[in-house]
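**Student:** Numbering (our numbering), first residue to last: 156 to 852.
Positions of the beta carbon are idealized from the N, C-alpha and C atoms, including for glycine.
On a predicted model such as this, the values are computed, not experimentally measured, just so you know.
Here you go, one structure.
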């Protein structure tokens, strides 16, 4: 009977390990959204981006050998474009048909148009070196399989159709097999069958977690040996980095849930009966004791030798495994101790306390570990959002200052967010609501008329506005880059159809858009939840004042908009807050006139600096737009270079760059920079510099 029980324990443990691996793969690979997010993370890995940048450069030079002299420029630009967050929406949208074709069995060919990526690179490089006239042939298409993923990946993902079944079937079968082995062994030894089943199942789950940890060490060792200076090696490292933490979390959960089940099955369950040193000795004895049979001796010798090899080959991985197991055990003992203390006064329920501990502790541990081990969401240091009656925009000392005597952090093209779907040339890390949450108080947005197209989710400018939108996009990004971006999105020659509506777009809506009305409704909800905040929206308006007013009216924002009084100074923040009129709406092109006086003619009250800079050395405080007597001052502080959008933002938003320019412009123009507008506001120290302005430093 004993060999049968051992065989069942081994079988149950293996089934749980298989189910755990299948569960992670089902969650991270077979789920389309997570697969797209992981693919985008792999794409943006610096080693992968460098290899893809080299590949794109090779294709460009094969078609245009005369460009060999500027290969370093092409490689650096290509790498920057590929790694840039502006490609994230394109990669995620483009990954969807790939995932569907591979996992869903679709037969559509998936082609990566290197010509389009190359044209984006050449367009950006041309902006950096305009004296060179470059072009890229349109016939550089290459199937995705040619990039090193190919047939092997297709077969691997195709074979994963079984994973969804294995993810839930294997753990259930494994637990059933382990419980059966425990019940058989308990009946033979005269112990309670339920307790024996729980103890054996728990021990099997613990061993499955330890086995998974050992496999992770092996995989980690193999991945570490892959050469990152090759595309396949770089992809292996980046892909494993996306799965590594999830697998380790799963291993830790298995160890702890199994350990809790073993402890709960003990008849003498108490804190004094739980001795971690005894458990450690038992594990060590299981590995080193000679044993009675030839098979046991051989198995222990092989396991011990493999463990030693792993420790020598990958000490970091083994140390990680030991830390995960030790941490899991410590947390489980802590939870168990708390529950036992709570259960001391349960009286008649004491007989069932072990079962209660086993169930509740496992569930509680899962919540604690998932919350504590998964990486926290990134946050941006911004203004405190205390929202009490003593503060205005997060500070009490701002309440009695006039609106035009306060500095506000501002975002350029606030709607173009890398985290929002569909934005090609993103200029902020996240959406407008997140920006408000993090302390941004001035939103620079662009409004355009758009219509739906035959491509779901892609909005096109109306025929009347398309020419000007295309011209603006080409001026900002380059004609070749725009055409290639449209090809990558599958948005070339899309005809607008259906009703015309108002959208937020950065020129060409095909490259990214947000429906304006729903977003303004969310802003209204945010304002209601933050009654001590004054917010400004500065609109580069193609949408007419009448249609703009309709958006604000339908969003329920009219009670909050501020209407200036001719000849009167700006109110204080306290006055605006107490009156409820704490949303300032500025228009670049057309004010609202007598019909909509709250749509303020922006450049009658605002003056600004130039805004088209290719390098930080070009920054200027010279007068640009706006009346000379305008009391508000907009400081435009960003670099237009889509190949290095984020890294440039990190450079110019840093305190040692932003603060001197703020001081210089304040001295030259004799005005407080009220709106300090940047790209990727999460980079650098925008909030610290604005705070210093409000401190008078």
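Have a look at the DSSP bridge pairing and note the partners of residue 716.
**Tutor:** Reading the chain shown from its first residue, position 561 is the one you call residue 716. 738, per the DSSP bridge assignment.
**Student:** So, with DSSP's three-state summary, where would you put residue 767?
**Tutor:** Residue mapping note: residue 767 aligns to position 612 of the chain shown, counting from 1. Here residue 767 sits in coil by DSSP.
**Student:** Considering only the alpha carbon of each residue, which of 474, 238, 666 lies closest to residue 194?
**Tutor:** In the chain shown, the residue the question calls residue 194 occupies position 39. Closest by alpha carbon: 238.
**Student:** In this structure, does DSSP put residue 784 in helix, strand or coil?
**Tutor:** Position 629 of the chain shown, counting from 1, holds the residue named residue 784. In the structure shown, residue 784 sits in coil (DSSP, three-state: anything other than H, G, I, E or B).
**Student:** Provide the residue(s) that pair with residue 832 in DSSP beta bridges, ordered along the chain.
**Tutor:** Here residue 832 corresponds to residue number 677 of the chain shown, with the count starting at 1. Bridge partners of residue 832: 565, 791.
**Student:** Any idea what DSSP makes of residue 558, helix, strand or coil?
**Tutor:** The sequence position of residue 558 within the chain shown is 403, counting from 1. Correct three-state label for residue 558: helix.
**Student:** Could you tell me whether the Cβ of residue 405 comes closer than 8 Å to any Cβ of chain C?
**Tutor:** In the displayed structure, chain C is absent; only one protein chain is listed.
**Student:** Whose C-alpha, out of 759, 737, 735, is nearest the C-alpha of residue 745?
**Tutor:** Taking the chain shown and counting its residues from 1, one reaches residue 745 at position 590. For residue 745, the nearest C-alpha among the options comes from 759.
**Student:** Contact defined as beta carbons within less than 8 Å: I believe residue 755 pairs with residue 726. What is the distance between those atoms, to the nearest angstrom?
**Tutor:** Stepping through the chain shown from its first residue, residue 755 is reached at position 600. Stepping through the chain shown from its first residue, residue 726 is reached at position 571. With 8 Å as the limit, residue 755 and residue 726 do not qualify as a contact, their Cβ atoms being about 14 Å apart.
**Student:** Might you give, ordered along the chain, the residues of its own chain that have their beta carbon closer than 8 Å to the beta carbon of residue 695, omitting 5 neighbours on each side?
**Tutor:** For this step, residue 695 is matched to residue 540 along the chain shown. Answer for residue 695: 599, 600, 601, 602, 743, 744, listed in chain order.
**Student:** Provide the residue(s) that pair with residue 572 in DSSP beta bridges, ordered along the chain.
**Tutor:** For the purposes of this step, residue 572 is taken as the residue at position 417 of the chain shown. Residue 572 pairs with 583.
**Student:** Does the structure place the segment 582 to 590 close enough to the segment 805 to 817 that three or more beta carbon pairs sit under 8 Å?
**Tutor:** no
**Student:** With respect to the beta strand (DSSP E) encompassing residue 695, which residues constitute its N-terminal and C-terminal limits?
**Tutor:** The residue you call residue 695 lines up with position 540 of the chain shown. In this chain, the beta strand (DSSP E) harbouring residue 695 covers 690 to 696.
**Student:** Using a Cβ-Cβ cut-off of 6 Å (strictly less than) and excluding sequence neighbours within five positions of residue 363, which residues of its own chain qualify?
**Tutor:** Position 208 of the chain shown, counted from the start, is the residue given in the question as residue 363. Sequence-distant Cβ neighbours of residue 363 in its own chain, meaning closer than 6 Å and more than five residues away, are 168, 171, 172, 409.
**Student:** DSSP puts residue 607 in a beta bridge; with which residues?
**Tutor:** Start at 1 with the first residue of the chain shown, and residue 607 comes out as number 452. Paired residue(s): 614, 652.
**Student:** If we count Cβ pairs, one from each stretch, closer than 8 Å, do we get three or more for the segment 317 to 328 versus the segment 175 to 191?
**Tutor:** yes
**Student:** Return helix, strand or coil for residue 338, following the three-state DSSP convention.
**Tutor:** Position 183 of the chain shown holds residue 338. Helix.
**Student:** Measuring CB to CB, does residue 395 end up less than 8 Å from residue 372?
**Tutor:** Position 240 of the chain shown, counted from the first residue, corresponds to residue 395. Position 217 of the chain shown, counted from the first residue, corresponds to residue 372. Taking 8 Å as the Cβ cut-off, residue 395 and residue 372 do not qualify as a contacting pair.
**Student:** Identify which residue in 160, 191, 187, 825 has its Cα closest to the Cα of residue 560.
**Tutor:** The residue you call residue 560 lines up with position 405 of the chain shown. Ranking the options by Cα distance to residue 560, first place goes to 825.
**Student:** Within a Cβ cutoff of 8 Å, which residues of the same chain sit near residue 163, ignoring the five residues on either side of it in sequence?
**Tutor:** Counting from 1 along the chain shown, the entry for residue 163 is found at position 8. Cβ neighbours of residue 163 beyond the five flanking positions: 332, 333, 335, 336, 339.
**Student:** Using a threshold of 8 Å, state whether the C-beta atoms of residue 679 and residue 732 are closer than that.
**Tutor:** For the purposes of this step, residue 679 is taken as residue 524 along the chain shown, with counting starting at 1. For the purposes of this step, residue 732 is taken as residue 577 along the chain shown, with counting starting at 1. No, Cβ-Cβ distance for residue 679 and residue 732 is not below 8 Å.
**Student:** Opposite residue 670 in the DSSP bridges: which residues?
**Tutor:** Position 515 of the chain shown, counted from the first residue, corresponds to residue 670. In DSSP, residue 670 forms a bridge with 658.
**Student:** Can you give the Cα-Cα distance for residue 668 and residue 662, rounded to whole angstroms?
**Tutor:** Taking the first residue of the chain shown as 1, we reach residue 668 at position 513. Taking the first residue of the chain shown as 1, we reach residue 662 at position 507. Rounded to the nearest angstrom, the two C-alpha atoms are 9 Å apart.
**Student:** Cutting at 7 Å between CB atoms, please list the residues of its own chain near residue 704, excluding the five before and the five after it.
**Tutor:** Counted from its first residue, the chain shown places residue 704 at position 549. Result list for residue 704: 747, 751, 754, in chain order.
**Student:** Which residues does DSSP pair with residue 727 in a beta bridge?
**Tutor:** Against the chain shown, residue 727 aligns to sequence position 572. 557.
**Student:** Beta-carbon within less than 7 Å of residue 838's beta-carbon, same chain only, minus the 5 sequence neighbours each way: which residues are those?
**Tutor:** Translated into the one-based positions of the chain shown, residue 838 becomes position 683. These residues qualify, in order along the chain: 801, 804, 805, 808.
**Student:** What number of angstroms, rounded off, separates the C-alpha of residue 832 from the C-alpha of residue 796?
**Tutor:** By 1-based counting over the chain shown, the position of residue 832 is 677. By 1-based counting over the chain shown, the position of residue 796 is 641. Distance between the alpha carbons of residue 832 and residue 796: 16 Å.
**Student:** With burial defined as no fewer than 16 other Cβ atoms inside 10 Å of the residue's Cβ, what is the status of residue 200: buried or exposed?
**Tutor:** As a first step, residue 200 must be located in the chain shown, where it is residue number 45. By the neighbour-count rule (16 or more Cβ atoms within 10 Å), residue 200 is buried.
**Student:** For a test of the three-state rule: what should DSSP assign to residue 547, helix, strand or coil?
**Tutor:** Here the question's residue 547 lines up with position 392 in the chain shown. It is a strand residue.
**Student:** Please report how far the alpha carbon of residue 702 lies from the alpha carbon of residue 573, in whole angstroms.
**Tutor:** Looking up residue 702 in the chain shown gives position 547. Looking up residue 573 in the chain shown gives position 418. Rounded to whole angstroms, residue 702 to residue 573 spans 28 Å at the Cα level.
**Student:** Once you ignore the five residues that flank residue 569 on each side, which residues in its own chain have a CB closer than 8 Å to its CB?
**Tutor:** For the purposes of this step, residue 569 is taken as the residue at position 414 of the chain shown. For residue 569, where only same-chain residues beyond five positions count, the Cβ hits under 8 Å are 583, 587, 590, 595, 598, 599, 600.
**Student:** Express the C-alpha separation of residue 606 and residue 736 in angstroms, rounding to a whole number.
**Tutor:** Within the chain shown, the letter at position 581 stands for residue 736. Within the chain shown, the letter at position 451 stands for residue 606. Taking the straight line from one Cα to the other gives about 33 Å.
**Student:** Mind reading off the beta-carbon distance from residue 358 to residue 417? Whole number of angstroms is fine, and I expect it under 8 Å.
**Tutor:** What you label residue 358 is simply residue 203 of the chain shown in a count that begins at 1. What you label residue 417 is simply residue 262 of the chain shown in a count that begins at 1. At roughly 6 Å, the Cβ-Cβ gap stays under 8 Å, so residue 358 and residue 417 are in contact.
**Student:** Using 8 Å as the threshold, is the C-beta distance between residue 690 and residue 716 below it?
**Tutor:** What you label residue 690 is simply residue 535 of the chain shown in a count that begins at 1. What you label residue 716 is simply residue 561 of the chain shown in a count that begins at 1. Result no, Cβ atoms of residue 690 and residue 716 do not sit closer than 8 Å.
**Student:** Note the first and the last residue of the continuous alpha helix (DSSP H) segment covering residue 813.
**Tutor:** As a working mapping, residue 813 is identified with position 658 in the chain shown. For residue 813, the enclosing alpha helix (DSSP H) starts and ends at 810 to 824.
**Student:** Going straight from the alpha carbon of residue 768 to that of residue 851, what length do you get?
**Tutor:** Counted from its first residue, the chain shown places residue 768 at position 613. Counted from its first residue, the chain shown places residue 851 at position 696. Computed Cα separation, rounded: 28 Å.
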